Structures are given as C-alpha cells and as structure tokens.
Amino acid sequence: MTFYIACDFDDTAASQNVAHLLLAEFAPDTSEMHRRAFQRGEITFREYQERGFDDIEATVCEMSEFVRLNATLRPGFATLVKTAGETGSSFKVVSAGLTFYIRALLDAGQFRDIEVIAATATPLGADCGPFRYDYPVRQDGCDPAGAVCKCKSIMEAKAAGMKTMFIGDGLRSDACAAAAADVVFARGRLLAYCRDNDIPATPFDTFDVVAEFLNRRASSRD
Numbered sequence: 092m093t094f095y096i097a098c099d100f101d102d103t104a105a106s107q108n109v110a111h112l113l114l115a116e117f118a119p120d121t122s123e124m125h126r127r128a129f130q131r132g133e134i135t136f137r138e139y140q141e142r143g144f145d146d147i148e149a150t151v152c153e154m155s156e157f158v159r160l161n162a163t164l165r166p167g168f169a170t171l172v173k174t175a176g177e178t179g180s181s182f183k184v185v186s187a188g189l190t191f192y193i194r195a196l197l198d199a200g201q202f203r204d205i206e207v208i209a210a211t212a213t214p215l216g217a218d219c220g221p222f223r224y225d226y227p228v229r230q231d232g233c234d235p236a237g238a239v240c241k242c243k244s245i246m247e248a249k250a251a252g253m254k255t256m257f258i259g260d261g262l263r264s265d266a267c268a269a270a271a272a273d274v275v276f277a278r279g280r281l282l283a284y285c286r287d288n289d290i291p292a293t294p295f296d297t298f299d300v301v302a303e304f305l306n307r308r309a310s311s312r313d
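Using my numbering, the letters of the sequence shown map in sequence onto residues 92 to 313.
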C-alpha cells in the first residue's frame with residue numbers, strides 16, 4: 092500500500108523550531124514580545140510570523156546560512172524519504188512556516204527534490220533583499236489567520252483516491268490535518284490532542300518508526 096505523506100516542518104521534519112531559532116538570533120527582543128502576544132490570543136499566527144520576521148534586518152541569504160549551520164533534520168528523515176520513494180509513496184513537507192528557511196535546511200541535506208507546501212517569502216527585487224508574504228494554500232473552512240491550510244493537501248490526495256498520512260507535532264495548524272488523514276504519526280501537543288479527541292495516532296521521536304510502518308504496509312495485501 093502506498094501513501095500520500097504530508098509532514099510538518101518545525102519540530103517535526105526539523106529537530107528544532109527553525110523559525111524560533113531565527114527570531115531568537117536576529118530579533119531577540121521584539122520576537123519575544125510578539126510571541127507572548129500570540130500566546131495571549133492578541134494577534135494571529137500570521138501576524139506573529141510577519142511581525143517577527145519584519146523586525147529582522149538580516150537578509151534572506153544570511154538567515155538561510157544560519158539555518159544551514161545551526162539546524163538539523165530529525166533522525167531517520169533520510170531513511171523515511173528513501174523508504175517513501177522505494178514503496179511508491181509521495182512525500183511532501185507541509186508547513187505554516189516560510190519556504191526560504193525550509194528549503195535552506197532541506198537543500199543542505201541534499202533533499203532538493205522534496206516538494207514544499209508553505210507560506211512563501213517572495214523577495215522584492217534582489218534575491219536576498221526584503222520580501223513579501225504570500226499564502227497560496229487556502230481552503231474553505233480553514234482559519235484564514237493560520238497561514239497555510241494543511242487539510243487542503245490531505246483532502247486533495249483523498250479525492251484522488253490516495254491513502255493519506257500526516258506527521259506533525261503542533262496544534263493550531265496540525266489538528267485539522269490529523270483529523271482528516273487516514274494514518275497519523277504525532278508527538279507533543281498534537282499527540283495529546285489526538286488522544287483527547289479519539290484520533291488514532293502513533294507516537295514517534297525519530298522517523299525510523301514511520302519508515303518501518305511504510306515497509307510493513309508495502310508488503311501487506313491490504
């Protein structure tokens with residue numbers, strides 16, 4: 092059996108929350124202020140993300156280099172991507188974060204062919220200059236303040252007749268994707284949410300457990 096696999100990025104595909112690393116490094120004072128406002132419900136996730144990155148004076152190229160030097164992919168990521176390809180499954184990174192730092196880490200790990208569905212920071216003029224924010228992945232029923240609707244890619248794959256898998260750790264943008272997917276691997280707040288809402292989910296710390304699942308299902312007759 093093959094799957095359409097949608098994998099969250101920050102704290103999931105990446106071992107760290109890469110957005111938080113960047114904000115802490117390049118805008119430590121104001122980013123903490125924005126984070127507290129977001130946690131209190133005073134601003135949306137989109138506003139938190141945009142305000143935080145707008146306060147950064149470093150270029151996209153400088154931030155991308157920082158990501159390559161300081162962030163890591165979760166153990167077992169390469170094994171999972173390889174297993175997905177060998178079993179005929181489709182693997183995509185689906186994130187509410189920004190494409191430039193996601194691509195920086197994936198490309199550094201030689202995963203340039205992985206498709207990324209995320210908010211886009213489009214440079215204005217020079218490639219490393221200031222950027223605007225684009226949110227191309229929306230769906231009716233999703234919170235427009237949530238940046239990217241992770242449910243959309245799951246529902247489109249289901250409509251195409253594919254079995255779907257979601258891998259994540261968060262709550263606000265991951266919960267609807269977990270509820271929609273056929274198979275869920277979860278950690279952190281998402282795992283607690285799934286348990287509280289009777290959504291079957293397998294816990295994970297590394298991606299080896301996901302790769303093992305794919306191999307078992309590929310050899311089954313289900």
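Even glycine gets a Cβ: it sits at the ideal position worked out from N, Cα and C. Note that this is a predicted model, so its numbers are computed, not measured.
Beta-bridge pairing of residue i - partner residues as DSSP gives them
i    : result
K183 : A97 and E206
T255 : Y95
L189 : A210
V274 : M256
P82  : Outside the shown range of the chain, which is 92 to 313, sits residue 82, and nothing can be said about it.
T297 : Note: T297 sits in no beta bridge, so no partner.
Which of helix, strand or coil DSSP assigns to residue i
i    : result
A105 : strand
A212 : strand
R223 : strand
G176 : helix
A128 : helix
P166 : coil
L113 : helix
D289 : coil
E141 : helix
G261 : coil
V239 : coil
G200 : coil
I245 : helix
Cα-Cα separation between residue i and residue j, rounded to whole angstroms
i    : j    : result
T135 : F129 : 6 Å
C242 : N108 : 21 Å
T297 : G167 : 6 Å
F94  : S264 : 21 Å
S186 : S311 : 31 Å
P291 : T150 : 42 Å
M154 : A162 : 11 Å
G200 : L164 : 8 Å
R280 : A118 : 26 Å
A271 : A251 : 14 Å
F257 : M246 : 11 Å
Distance CB(residue i)-CB(residue j) smaller than 7 Å
i    : j    : result
C98  : V184 : yes
T255 : A248 : yes
L112 : G143 : no
F276 : I193 : no
A309 : T170 : no
V207 : T190 : yes
L262 : Y284 : yes
I96  : F202 : no
T315 : D145 : This structure does not reach residue 315, given that the chain is present from 92 up to 313, and the question cannot be answered.
F295 : R307 : no
A110 : G188 : yes
L305 : T103 : no
Classification of residue i by the beta-carbon crowding that lies within 10 angstroms, buried from 16 upward
i    : result
A269 : buried
S244 : buried
L196 : buried
D260 : buried
T174 : buried
T63  : No answer is possible for residue 63: it lies beyond the span of the chain, which begins at 92 and ends at 313.
L215 : exposed
G141 : Note on residue identity: the sequence assigns Glu, not Gly, to residue 141. Classification of E141: buried, given that the 10 Å Cβ count is 16 or more.
L282 : buried
R137 : buried
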